[in-house]
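Report on the structure given below.
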Amino acid sequence: GRLKDPSLVREEMLVGGQWLKNGEGDNQIEVRNPSTGDVLATLPSAGLQDVRSAINAAKIAQKKWASRSGKDRAGIMRKFFDLVTANTDDLAVILTSEMGKPLAEARGEVSYGASYIEWFGEEAKRVYGDTIPGHQADKRLMVIKQPVGVVAAIAPWNFPSAMVCRKIAPALASGCAIIFKPAAETPLSALALAILAERAGVPSELFSVLPTDNARMFGEEVCSNPIVKKLTFTGSTEVGRILMAQGAQKIMKLSLELGGNAPFIVFDDADLDEAVEGAMLSKFRNAGQTCVCANRLYVQSGIYDRFVQKLAARVSALKVLDGFEEGATIGPLINDDAVSKLYNHIEDAVGKGAKVVVGGDRDARGGTFVQPTLLSGATKDMKVAREETFAPLAPVFKFETADEVIELANDTEFGLAAYFYANDLRNVWKVTEALEYGMVGVNTGLISTEVAPFGGVKQSGFGREGSKYGMDDFLSMKYVCMGGI
Ligand code: ADP
9 GRLKDPSLVR
19 EEMLVGGQWL
29 KNGEGDNQIE
39 VRNPSTGDVL
49 ATLPSAGLQD
59 VRSAINAAKI
69 AQKKWASRSG
79 KDRAGIMRKF
89 FDLVTANTDD
99 LAVILTSEMG
109 KPLAEARGEV
119 SYGASYIEWF
129 GEEAKRVYGD
139 TIPGHQADKR
149 LMVIKQPVGV
159 VAAIAPWNFP
169 SAMVCRKIAP
179 ALASGCAIIF
189 KPAAETPLSA
199 LALAILAERA
209 GVPSELFSVL
219 PTDNARMFGE
229 EVCSNPIVKK
239 LTFTGSTEVG
249 RILMAQGAQK
259 IMKLSLELGG
269 NAPFIVFDDA
279 DLDEAVEGAM
289 LSKFRNAGQT
299 CVCANRLYVQ
309 SGIYDRFVQK
319 LAARVSALKV
329 LDGFEEGATI
339 GPLINDDAVS
349 KLYNHIEDAV
359 GKGAKVVVGG
369 DRDARGGTFV
379 QPTLLSGATK
389 DMKVAREETF
399 APLAPVFKFE
409 TADEVIELAN
419 DTEFGLAAYF
429 YANDLRNVWK
439 VTEALEYGMV
449 GVNTGLISTE
459 VAPFGGVKQS
469 GFGREGSKYG
479 MDDFLSMKYV
489 CMGGI
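Start counting the sequence shown at 9; every next residue gets the next number (UniProt numbering).
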């Protein structure tokens with residue numbers, strides 16, 4: 009009853025332009041509200057033939073789409089952006105229902121996702137090539153950029169709406185078709201966006217949405233089917249490794265946005281209140297369930313006690329509530345495994361000498377609701393130092409020197425986002441350059457925007473989403489040499 013337009017929830021999947029109530033075989037996916045456990049929708053689960061139908065339809069549609077002008081594609085994407093914006097409230101309700109995040113955050117996510125549609129729609133007009141002064145008198149050299157073709161996408165559950173936009177927007181803008189597999193936990197946001205894309209005039213064969221209970225089958229098919237030219241994946245490093253190995257068979261073009269283990273460093277000369285504010289945003293947004301969330305807080309000894317005290321006051325004030333309740337700042341975690349991992353990390357840290365400053369226990373609401381937790385006295389032998397907790401747990405480590413904290417911060421196989429607060433200009437440059445990360449926030453805890461390149465180094469993956477660089481992942485470069493001029 010919360011939706012203005014109930015037709016945005018459809019218990020079907022979109023396969024090569026056809027909305028289907030049943031997939032190949034009779035498997036179904038139950039989508040549940042993580043806050044209540046209630047079943048929100050029952051969807052068909054795509055099988056191998058469904059994936060193949062989507063790929064075959066995409067192949068034909070992609071050729072037509074690529075032959076249209078950039079301006080033409082931009083116009084349709086503008087309509088799509090306008091429709092997403094006009095339906096923000098409903099999309100946010102769908103998002104909160106299936107994923108649990110507070111409604112205000114869900115609205116923020118929908119707008120953030122929409123900004124990618126707007127940005128890349130505009131970029132559709134600017135796929136510039138190059139001319140190169142020739143190496144011989146009778147030669148003329150140039151570079152043109154063309155869409156890679158049919159693209160597959162696999163997304164996680166933590167940003168059910170924005171993740172769709174970040175992948176489909178550059179694909180559509182560059183002239184690609186896209187076969188999208190949402191996480192089985194959160195397919196409704198992707199389907200709702202597909203409905204709006206169709207209404208905006210995006211040819212429906214161009215953008216399939218295939219929820220499935222057989223993720224492995226989907227991965228194997230898109231990695232071996234010769235029609236699919238690229239895979240864009242966001243998820244765990246473990247699964248990224250599997251997909252990269254599978255894609256090796258056909259030397260597949262890949263973008264991988266994998267796990268993180270973000271350090272958040274506060275130097276003695278930092279503005280304390282700003283650092284605390286940044287830590288709250290970076291750590292507790294989405295209940296700690298983002299790949300760029302601060303995972304390890306390193307605080308210099310001179311400011312350590314005051315920082316912990318101020319942060320404790322803020323963490324105690326967080327409101328653990330159902331995402332639809334007024335004032336909610338922390339919703340439920342996505343599932344029981346997420347809760348177990350959190351408590352495992354807390355127990356491990358406490359066993360090795362950390363002190364619980366705030367939280368540390370199960371929340372009275374039960375289910376997957378947990379207490380936001382602050383630990384002091386964290387050390388590098390604890391699990392919290394090595395593994396991504398993906399939950400509202402802030403472990404605070406103490407350090408003495410810049411060299412020491414740089415080494416600690418880089419001592420991980422991950423390299424997605426890092427943050428630090430400092431004011432000494434020389435130190436700022438030294439630390440910025442020394443951090444082995446794809447993204448660095450200096451005196452800010454919030455770095456994501458459609459105008460900047462999002463992505464990692466090391467085992468956090470490669471490829472970039474957003475910004476002018478984000479188009480390149482969906483384009484192939486063709487060098488043309490004209491002779492006999
Ligand atoms: P998370 O911990 O966020 O669930 P995963 O990497 O397990 O991270 O999942 C991210 C996405 O990858 C989901 O859509 C999931 O269904 C999909 N996935 C999981 N295993 C595989 C696989 N073997 N092949 C292809 N996709 C997979």
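Ideal placement from N, C-alpha and C gives every residue a C-beta, glycine not left out.
Keep in mind the model is a prediction, meaning the values are calculated, not measured.
Does the beta-carbon of residue i, which I'm using as the reference point, lie nearer than 7 Å to any heavy atom of the ligand ADP?
i                 : result
residue 4         : As shown, the chain starts at 9 and ends at 493. That puts residue 4 outside it, with no answer to give.
residue 557       : This structure does not reach residue 557, given that the chain is present from 9 up to 493, and the question cannot be answered.
leucine 251       : yes
glycine 471       : no
phenylalanine 226 : yes
proline 164       : yes
valine 217        : no
valine 247        : yes
lysine 258        : no
alanine 69        : no
alanine 223       : yes
lysine 189        : yes
alanine 192       : yes
Only counting the same chain, and skipping five residues up and downstream in sequence, which positions put a Cβ closer than 6 Å to that of residue i?
i                 : result
cysteine 173      : Gly121, Tyr124, Ile125
aspartate 481     : Ser263, Gly471
aspartate 13      : Asp98
threonine 220     : Ser53, Ala54, Phe226
phenylalanine 128 : Ala177, Pro178, Ala181
glutamate 206     : Ser212
phenylalanine 377 : Val328, Pro340, Asp371
aspartate 419     : none
Look at the Cβ atom of residue i, then the Cβ atom of residue j, and state whether they are nearer than 8 Å.
i              : j                 : result
serine 468     : phenylalanine 422 : yes
alanine 336    : proline 400       : no
isoleucine 338 : proline 380       : yes
alanine 82     : glutamate 130     : yes
glutamate 473  : glycine 464       : no
alanine 283    : alanine 302       : no
methionine 447 : alanine 425       : yes
alanine 161    : lysine 175        : yes
glutamate 193  : isoleucine 102    : no
serine 43      : aspartate 330     : yes
alanine 270    : valine 316        : no
Tell me which residues share the same chain as residue i and place their Cβ nearer than 8 Å to its Cβ, disregarding the 5 neighbours each side in the sequence.
i                 : result
leucine 262       : Lys238, Leu239, Thr240, Phe241, Leu251, Met252, Gly255, Phe470, Gly471
serine 15         : Ile203
threonine 50      : Glu19, Gln36, Ile37, Glu38, Val39
residue 4         : Residue 4 lies beyond the stretch modelled for the chain, which goes from 9 to 493, so this question has no answer here.
tryptophan 27     : Arg18, Glu20, Met21
phenylalanine 405 : Arg304, Leu305, Tyr306, Val307, Ala386, Thr387, Lys388, Ala393, Leu416
glutamine 70      : Pro155, Gly157, Val158, Gly183, Cys184, Ala185, Leu214
leucine 11        : Val17, Asp98, Val101, Ile102
glycine 361       : Gly385, Thr387
With distance defined between alpha-carbon atoms, name the residue in the options nearest to residue i.
i              : options                        : result
aspartate 371  : Val210, Lys349, Pro340         : Pro340
leucine 305    : Thr397, Ile273, Gln297         : Ile273
alanine 320    : Glu334, Leu382, Pro52, Gly449  : Leu382
isoleucine 259 : Pro234, Gly243, Gly248, Glu265 : Pro234
glycine 33     : Leu483, Gly45, Gln57           : Gln57
glycine 478    : Ser105, Leu264, Asp356, Thr387 : Leu264
lysine 363     : Met390, Ile342, Asp345, Ser348 : Met390
glycine 55     : Lys29, Asn451, Asp419, Val459  : Lys29
isoleucine 68  : Arg314, Asp432, Pro211         : Pro211
glutamate 395  : Gly267, Lys466, Ser290         : Gly267
leucine 214    : Thr104, Pro461, Ala185         : Ala185
asparagine 64  : Val101, Gly157, Gln144, Asp330 : Gly157
valine 159     : Ser182, Val365, His143, Leu149 : Ser182
glutamate 334  : Ser119, Asp80, Lys109          : Lys109
glutamate 458  : Gly45, Lys72, Ser119           : Ser119
aspartate 369  : Lys360, Gly359, Ala132, Val347 : Val347
Quick one: what's got a C-beta closer than 7 Å to residue i's C-beta in the same chain, skipping five residues either side?
i              : result
serine 216     : Leu22, Val23, Gly24, Ala62, Ala66, Ile187, Phe188
leucine 204    : Phe88, Leu91, Val92, Asn95
isoleucine 152 : Gly137, Lys486, Val488
threonine 298  : Asn166
valine 413     : Ile273, Tyr306, Phe407
valine 365     : Val316, Ala320, Leu382, Leu383, Ser384
Using beta carbons (cut-off 8 Å, strictly below), is residue i in contact with chain D?
i           : result
glycine 471 : The structure shown contains no chain D; it is built from a single protein chain.
Length at least 3, wholly inside the stretch 247-298: the beta strand (DSSP E) runs in chain order: Within the stretch 247-298, the complete beta strand (DSSP E) segments of 3 residues or longer fall at 261-265, 270-274, listed in chain order.
Runs of beta strand (DSSP E) wholly within the stretch 176-255 (minimum 3 residues, chain order): Fully enclosed beta strand (DSSP E) runs of 3 or longer: 185-189, 215-217, 236-242.
Secondary structure, beta strand (DSSP E): runs of 3+ residues fully inside the stretch 386-456: Fully enclosed beta strand (DSSP E) runs of no fewer than 3 residues occupy 401-407, 425-429, 447-450 of the stretch 386-456, in order along the chain.
Whole alpha helix (DSSP H) elements within the stretch 38-76, 4-residue minimum: If we require 4 residues or more, the alpha helix (DSSP H) runs fully inside the stretch 38-76 come out as 56-75.
Length at least 4, wholly inside the stretch 111-157: the alpha helix (DSSP H) runs in chain order: As far as the stretch 111-157 is concerned, its whole alpha helix (DSSP H) runs of at least 4 residues are 111-131.
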